[in-house]
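Please read the structure below before turning to the comments.
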Amino acid sequence: DAGVTQSPTHLIKTRGQQVTLRCSPKSGHDTVSWYQQALGQGPQFIFQYYEEEERQRGNFPDRFSGHQFPNYSSELNVNALLLGDSALYLCASSSPGQGRSYTFGSGTRLTVV
Amino acid sequence: AQSVTQLGSHVSVSEGALVLLRCNYSSSVPPYLFWYVQYPNQGLQLLLKYTSAATLVKGINGFEAEFKKSETSFHLTKPSAHMSDAAEYFCAVTPQAGTALIFGKGTTLSVSS
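Protein sequences appear in the order of chains A and B.
If you read the first sequence in my numbering, its first letter stands for residue 2, the second for the next number, and so on.
If you read the second sequence in my numbering, its first letter stands for residue 23, the second for the next number, and so on.
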């Protein structure tokens, strides 16, 4: 059973560019959350999608946006990249049947130069 | 607002020794509490969770944690450390199942032979 799949695994972008990260949730999961983990820090919540709508949002600027598709997969978009956006971006999916325990993907390592 | 404090950014133990990783939380409502482990270049794996049932929670790989409301603590323990336990450990809290997880800054566990 495939877990949460994220792509790409690594990415290098230039300051000011835009980036799109992708996430396929675990089979049977309908909710996707995105987290940013800076080096040496704990993950920080960006936003959560359910039924193709943003249900909850963390303290991140509007440069961070997302989308959820009918098949429950999700994208995270970041515009006007800053050096400080360099981090590991984690996707987590969940389903009501599991009491909302999140399954995390391995992440996308974004480096902004 | 919820918050998590992990006491000790680094913990070093010998193989076979007791592992104790400390977590204190702040929550205005009865919380859901989690411990996750992260190995290098990987995502987060759930060790155990507290959801207001038994206060002593048993997880995977021999780990357990005890919820102590009076101390607002949820410390993680393992009776005997293995080399394979060396990793980063994160405590997380959420006020409601399915909402954003708030993570601590993490504790790096080193195990020496």
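Beta carbons are placed, not taken as given, at the ideal position from N, Cα and C, and that holds for glycine.
{"Query": "Whole-angstrom distance between T129 of chain B and L98 of chain B, CA atom to CA atom", "Result": "11 Å"}
{"Query": "Near-chain A residues of the segment 97-110 of chain B (beta-carbon distance less than 8 Å), N- to C-terminal order", "Result": "none"}
{"Query": "Segment limits, beta strand (DSSP E) that includes G67 of chain A", "Result": "F65 to Q69"}
{"Query": "Straight-line Cα distance separating E55 of chain A from L77 of chain A", "Result": "12 Å"}
{"Query": "CB contact check: T27 of chain B to chain A, cutoff 8 Å", "Result": "no"}
{"Query": "Contact between the segment 19-26 of chain A and the segment 68-87 of chain A (3+ Cβ pairs under 8 Å)", "Result": "yes"}
{"Query": "Contacts of F112 of chain B in chain A (Cβ-Cβ under 9 Å)", "Result": "G43 and P44"}
{"Query": "Proximity test, Cβ basis, 8 Å: T32 of chain A and chain B", "Result": "yes"}
{"Query": "Stretch pair the segment 49-61 of chain B + the segment 27-39 of chain B: three plus CB contacts closer than 8 Å", "Result": "no"}
{"Query": "Candidates B:E37, B:S134 and B:L69: closest to N83 of chain B by CA position", "Result": "B:L69"}
{"Query": "Proximal residues, the segment 63-97 of chain A versus chain B, C-beta separation under 9 Å", "Result": "L89, L91, C92, A93, S95 and P97"}
{"Query": "Where E93 of chain B sits in the DSSP three-state scheme", "Result": "helix"}
{"Query": "Partners in chain A for Q64 of chain B, counting only beta-carbon separations shorter than 7 Å", "Result": "S107"}
{"Query": "Buried or exposed (CB count within 10 angstroms, at least 16 for buried), G120 of chain B", "Result": "buried"}
{"Query": "K14 of chain A versus L82 of chain A: straight-line alpha-carbon distance, rounded", "Result": "8 Å"}
{"Query": "Buried or exposed (CB count within 10 angstroms, at least 16 for buried), T116 of chain B", "Result": "buried"}
{"Query": "Cutoff 8 Å: K71 of chain B Cβ touching any chain A Cβ", "Result": "yes"}
{"Query": "Contact set for F96 of chain B: own chain, Cβ-Cβ below 6 Å, skip 5 residues either direction", "Result": "C45, L55, A87 and F89"}
{"Query": "F65 of chain A versus A122 of chain B: straight-line alpha-carbon distance, rounded", "Result": "16 Å"}
{"Query": "For S74 of chain B, the three-state DSSP class (helix, strand or coil)", "Result": "coil"}
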